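K.L.:
Its first residue numbered 1, the sequence shown is counted upward by one per residue in the UniProt record's numbering. Sending over a structure as structure tokens; questions will come in a sec.
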Amino acid sequence: MVVLHTPRLRLEPLTDAHLEGLHRLNSDPEVMRYITGRPDTLADSQLMIERVKARWAEWGYSWWAFIELATGELIGAGCIQHLGRVKTGPLEIGWRLRRERWHQGLASEAAERMADFAFEDLRADSLCAVRMAANQASGKLMERLGMHYTGMEHWYDMDMARHDMSRADWLLTRKRRQSLRP
């Protein structure tokens with residue numbers, strides 16, 4: 001299983017050990033507002049972990065727990081998976097973060113590292129993301145990541161705004177990010 005690192009986070013594959021932290025994240029109505037529209041039950045979070053463990057075993061990638069290095073707490077989760085959860089679908093990136101960690105750059109930090117994994121390790125040609133149209137914060141993060149809005153599509157039983165990024169987009173955005181770092 002693949003563990004990823006950022007300056008403030010350790011991204012580790014979701015396992016049963018993450019159930020309590022994942023449920024804390026997924027049971028917050030504000031966190032889930034633009035994901036499913038409703039908070040998850042403990043059983044929902046357990047089912048998510050079961051699905052994710054199976055995908056890690058089959059595909060070698062799926063959902064990570066975002067562990068904050070300073071506290072050791074699960075503060076978010078994110079994925080590289082196939083859009084629609086179908087192996088023939090394009091690779092999708094996604095994330096969610098505990099509400100008290102919003103607006104600190106942590107979602108961007110994790111998303112950049114997951115995108116790097118998709119393009120460097122998985123050798124992806126492209127990456128997509130979907131969001132509810134009203135979720136402007138995720139749309140802005142997708143743009144900062146180098147993604148471009150490509151239209152409305154129906155995914156996960158909802159009409160969603162889709163964003164895409166090619167390998168060339170990623171390389172350009174990564175080069176720009178590196179030039180801004182001291």
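Virtual Cβ for every residue (Gly too), placed ideally from N, Cα, C. Given the structure is predicted, the values throughout are model-derived calculations rather than measurements.
What three-state label does DSSP hand residue 133 in the structure shown?
P.N.:
As a working note, residue 133 is residue 133 in the sequence shown. Correct three-state label for residue 133: coil.
K.L.:
Should residue 102 be listed as close to the ligand MG, given that the test is whether its C-beta is under 7 angstroms from any heavy atom?
P.N.:
As far as ligands go, the structure on display features none, and thus does not contain the ligand MG.
K.L.:
By a C-beta neighbour count over all protein chains shown, 10 Å radius and 16 as the cutoff for buried, is residue 146 buried or exposed?
P.N.:
One-based indexing of the sequence shown puts residue 146 at position 146. Buried: at least 16 other Cβ atoms inside 10 Å.
K.L.:
Given a cut-off of 8 angstroms on the beta-carbon distance, is the pair residue 108 and residue 141 in contact?
P.N.:
As a working note, residue 108 is residue 108 in the sequence shown. As a working note, residue 141 is residue 141 in the sequence shown. If you check the CB distance, residue 108 and residue 141 come in under 8 angstroms.
K.L.:
Would you identify the three-state DSSP class for residue 35, choosing helix, strand or coil?
P.N.:
Stepping through the sequence shown from its first residue, residue 35 is reached at position 35. Coil, per DSSP.
K.L.:
Across which residues does DSSP place residue 165 in a beta bridge pair?
P.N.:
In the sequence shown, the residue the question calls residue 165 occupies position 165. 127.
K.L.:
Quick check: what's the CA-CA separation for residue 144 versus residue 31?
P.N.:
As a first step, residue 144 is located in the sequence shown; it is residue number 144 there, counting from the start. As a first step, residue 31 is located in the sequence shown; it is residue number 31 there, counting from the start. Taking the straight line joining both Cα atoms gives about 20 angstroms.
K.L.:
On the three-pair Cβ rule with 8 angstroms, is the segment 108-126 touching the segment 12-30?
P.N.:
With fewer than three CB-CB distances shorter than 8 angstroms, the segment 108-126 does not count as touching the segment 12-30.
K.L.:
Among 168, 133, 7, which one has its Cα closest to the Cα of residue 154?
P.N.:
Numbered from 1 along the sequence shown, position 154 holds the residue referred to as residue 154. For residue 154, the nearest C-alpha among the options comes from 133.
K.L.:
What's the C-alpha gap between residue 75 and residue 34?
P.N.:
For the purposes of this step, residue 75 is taken as the residue at position 75 of the sequence shown. For the purposes of this step, residue 34 is taken as the residue at position 34 of the sequence shown. Approximately 18 angstroms, taken between the alpha carbons.
K.L.:
Use the C-beta contact count for residue 81: other C-beta atoms within 10 angstroms, 16 or more gives buried, fewer gives exposed.
P.N.:
As a first step, residue 81 must be located in the sequence shown, where it is residue number 81. It is buried - the Cβ of residue 81 has at least 16 other Cβ atoms within 10 Å.
K.L.:
To the nearest angstrom, report how far apart residue 121 and residue 42 are at their CA atoms.
P.N.:
As a working mapping, residue 121 is identified with position 121 in the sequence shown. As a working mapping, residue 42 is identified with position 42 in the sequence shown. Residue 121 and residue 42: Cα-Cα distance of roughly 33 angstroms.
K.L.:
Which whole-angstrom value is the C-beta distance of residue 66 and residue 54, which I expect to be below 8 angstroms?
P.N.:
Taking the first residue of the sequence shown as position 1, residue 66 is located at position 66. Taking the first residue of the sequence shown as position 1, residue 54 is located at position 54. By a beta-carbon distance limit of 8 angstroms, residue 66 does not contact residue 54. Their separation comes to about 21 angstroms.
K.L.:
Thinking just about the alpha-carbon of each residue, which of 62, 160, 125, 61 is nearest to the one in residue 171?
P.N.:
On the sequence shown, position 171 is the one that residue 171 refers to. Checking every option, the nearest Cα to that of residue 171 belongs to 125.
K.L.:
Given that a residue counts as buried once 16 or more other Cβ atoms are within 10 Å of its Cβ, and exposed if not, what is residue 48?
P.N.:
The residue given as residue 48 occupies position 48 in the sequence shown. By the 10 Å Cβ count, residue 48 comes out buried.
K.L.:
If you measure from the beta carbon of residue 127 to each beta carbon in chain B, is any gap under 8 angstroms?
P.N.:
No chain B appears in the structure shown, which is made up of a single protein chain.
K.L.:
Would DSSP call residue 41 helix, strand or coil?
P.N.:
Mapped onto the sequence shown, residue 41 falls at position 41. Three-state result, residue 41: coil.
K.L.:
Are there 16 or more other CB atoms within 10 angstroms of the CB of residue 1, so buried, or fewer, so exposed?
P.N.:
To locate residue 1, count along the sequence shown from 1; it is residue 1. Classification of residue 1: exposed, given that the 10 Å Cβ count is below 16.
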